[in-house]
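Per the working numbering, the sequence shown runs over residues -12 to 207.
Using N, Cα and C, we set each Cβ at its ideal position, and we do this for glycine too.
Scroll down for the structure; my scribbles are underneath it.
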Amino acid sequence: MSRLLNLMSAAALAGLPVAAVATQADPQMVLRAVRFYRADQDLTRVKGIVQIPYALVRRSGADSAYTVSVRVADSSGLTLYRQSWQTKVPAGALPADAYAVEIVDFTVAPGTYRLEVAVGDSGAGQQARQTLDVQALNNSAKASDLLASPAIRVAESNDTVPKPGEFRAGNNLVTAAARVYLTPLRPKVFYLMEAYAPAEQAGKMGVAIRDSTGRTLVET
């Protein structure tokens, strides 16, 4: 089975009224799992994307860091993967909606799995948890999950290592995000999706952009 990689971008909101993104009083961590099928091994590569608001882990007037703990278990509860690491929060002023992104990359055989992520403030001891059930893909899959991204760029010759928050997809470097917000100052959204077929085929894809009230601004 061959793999066709589709990369497209849209600048859909320029000049259109867009509701401002509200800053939540209680910021929440967002967890998303994006699955890509590897037919030659009958395996699913999973990218777990953890979006962490700095407001959740940053302490005022002090150096801050947060700890990320990840566990992947199979349907019986057996732990297949476990890892934890610590990341420093940037010093200085940050926008109220600023966030960090951590990427968890793992591969699984056909089956059902659970991805558990905990993020803790190393100073105050606060902790946020998210859990996702992940169903591995199989040879009947027509496409990967679709990943929306705030930026995708073509890798240059000096791009030997992705920047923090990026991952490589073919000859492109994708900025990871579990949730993408569009505003008049950030009107572009990109997407990454793999299509699977034994030969090249035509297909259709629809895109709709809605504001925070659910009103459709753009639909193609």
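Inter-residue spacing [alpha-carbon to alpha-carbon] between residue i and residue j
i: ARG155; j: ARG32; result: 13 Å
i: ALA115; j: ARG101; result: 17 Å
i: ASP61; j: VAL121; result: 9 Å
i: GLN117; j: GLN70; result: 15 Å
i: VAL8; j: GLU153; result: Note that VAL8 has pLDDT 29, beneath the 50 cutoff, so the model's placement of it is unreliable and no number is given.
N- and C-terminal bounds of the alpha helix (DSSP H) containing residue i
i: LEU43; result: 41 to 44
Assigned exposure category for residue i - 16 Cβ within 10 Å defines buried
i: VAL104; result: buried
i: LEU169; result: buried
i: PRO40; result: buried
i: SER51; result: buried
i: ARG45; result: buried
Unbroken beta strand (DSSP E) run spanning residue i, endpoints
i: VAL91; result: 86 to 95
i: THR74; result: 66 to 75
i: LYS175; result: 175 to 184
i: ASP108; result: 99 to 108
i: GLU206; result: 203 to 206
Close Cβ partners of residue i (< 6 Å) along its chain, the five nearest in sequence each way excluded
i: ALA123; result: THR31, VAL95, PRO97 and GLY98
i: TYR68; result: VAL59 and PHE93
Residue i beta carbon near the ligand MN (any heavy atom closer than 7 Å)
i: ALA26; result: For the structure depicted, the ligand MN is absent and the ligand set is empty, with no information on it obtainable.
For residue j and residue i, believed in contact at Cβ under 8 Å, the rounded distance
i: THR207; j: VAL194; result: 5 Å
i: LEU119; j: ALA189; result: Not confirmed; about 33 Å, so no contact.
i: ALA182; j: LYS129; result: 7 Å
Contacts around residue i, its chain only, beta-carbon distance under 8 Å, and the 5 residues preceding and following it disregarded
i: ARG25; result: THR31, ARG32 and THR94
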